[in-house]
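Chemist:
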Amino acid sequence: MPIWTPEQDQALTAVARWLETPGARQVFRLFGYAGTGKSTLARHLAEHVEGDVAFAAFTGKAALVMRSKGCKDARTIHSLIYRATDTETEEPSFVLNDDSAAARAKLIVVDECSMVDEELGRDLLSFGKKVLVLGDPAQLPPVKGGGFFTDAEPDVMLKEVHRQAADNPIIRLSMAIRAGESVERGVFGDTRVISRDALDPALVTGADQVLVG
């Protein structure tokens, strides 16, 4: 049996109450800093839902991370709700998939919700299912427009970063930057902080992600 912090326990209670309330609003916003346990809480909640739960994220990499944390069959939002359709042009075309896992789900859990724009968000809600969205106020917004699910205050905001997560160099650096602290140049696990003058094309092409400040 997991041991929850008071903050996490309050979050579980709030989400459970929302799930059990008939006629409750369609979306619940569970936000929190990296390392506060959002995905772990979502997985635990899903285990107690009477019916199917569909897990999704905006990017394939985030969906892979969800699967590694026990969120079964997590996939991209696009692959969850759309299907390809035949067209006479070379351009691929997609339509809503009325026979998708989203259509059969009791609950849809979405990570990286800050990257979901209005069109994608409305298509997701068109299935009429309750949607638990996970996000971080500091995450990147959509490429176009604003975040569909981040236009309102979170229902729950987790702020306590747990010790195991705090030992992660990326999370430790992100917390320092969030707090407005200066970050020293150096190597932190698989992460490097370098000056612009030290930027090398090989470093850029070999990195999973590059952040510029």
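Once you know that position 43 of the sequence shown is 42 in numbering that gives the first Met the number 0, the rest is easy, because the numbers rise by one and skip nothing. Glycine included, C-beta positions come from ideal geometry on N, C-alpha and C.
Which ranges does the beta strand (DSSP E) cover as unbroken runs of at least 3 residues, wholly within the region 10-76, from first to last along the chain?
Modeler: 26-31 and 52-56
Chemist: Can you tell me the Cα-Cα spacing of residue 196 and residue 189, whole angstroms?
Modeler: 20 Å
Chemist: If you pair each beta-carbon of the region 84-92 with each one of the region 61-73, do three or more pairs fall below 8 Å?
Modeler: no
Chemist: Would you tell me roughly how many angstroms separate the C-alpha atoms of residue 33 and residue 157, rounded to the nearest one?
Modeler: Cα-Cα distance, rounded: 9 Å.
Chemist: By Cβ distance below 6 Å, which residues in the same chain neighbour residue 16 in space, the five residues on each side in sequence not counted?
Modeler: none
Chemist: Measure the alpha-carbon distance for residue 53 versus residue 209 and round it to whole angstroms.
Modeler: 30 Å
Chemist: Using a threshold of 9 Å, state whether the C-beta atoms of residue 38 and residue 133 are closer than that.
Modeler: yes
Chemist: Does the region 94-103 come close enough to the region 78-85 that 3 or more CB-CB pairs lie under 8 Å?
Modeler: yes
Chemist: How is the beta strand (DSSP E) around residue 190 delimited, first residue to last?
Modeler: Per DSSP, residue 190 belongs to the beta strand (DSSP E) from 190-192.
Chemist: Name the residue from 108, 128, 203 and 151 whose alpha carbon lies nearest to the alpha carbon of residue 22.
Modeler: Of the candidates 108, 128, 203 and 151, the one whose C-alpha sits nearest the C-alpha of residue 22 is 128.
Chemist: Pick helix, strand or coil for residue 122, following the three-state DSSP scheme.
Modeler: helix
Chemist: Just how far apart, CA to CA, sit residue 7 and residue 152?
Modeler: 18 Å
Chemist: Between 50, 66 and 126, which lies nearest to residue 105 when the distance is taken from Cα to Cα?
Modeler: Here the closest residue by C-alpha is 50.
Chemist: How is residue 145 classed by DSSP in three states: helix, strand or coil?
Modeler: coil
Chemist: Just list the residues that DSSP pairs residue 84 with in beta bridges.
Modeler: 92
Chemist: If we count the other Cβ atoms within 10 Å of its Cβ and call it buried at 16 or more, is residue 12 buried or exposed?
Modeler: exposed
Chemist: If I measure Cβ to Cβ from residue 73 and keep anything under 6 Å in the same chain, skipping five residues before and after, which residues do I get?
Modeler: 54, 62, 65 and 66
Chemist: How should residue 191 be labelled, buried or exposed, when 16 other C-beta atoms within 10 angstroms of its C-beta is the threshold for buried?
Modeler: exposed
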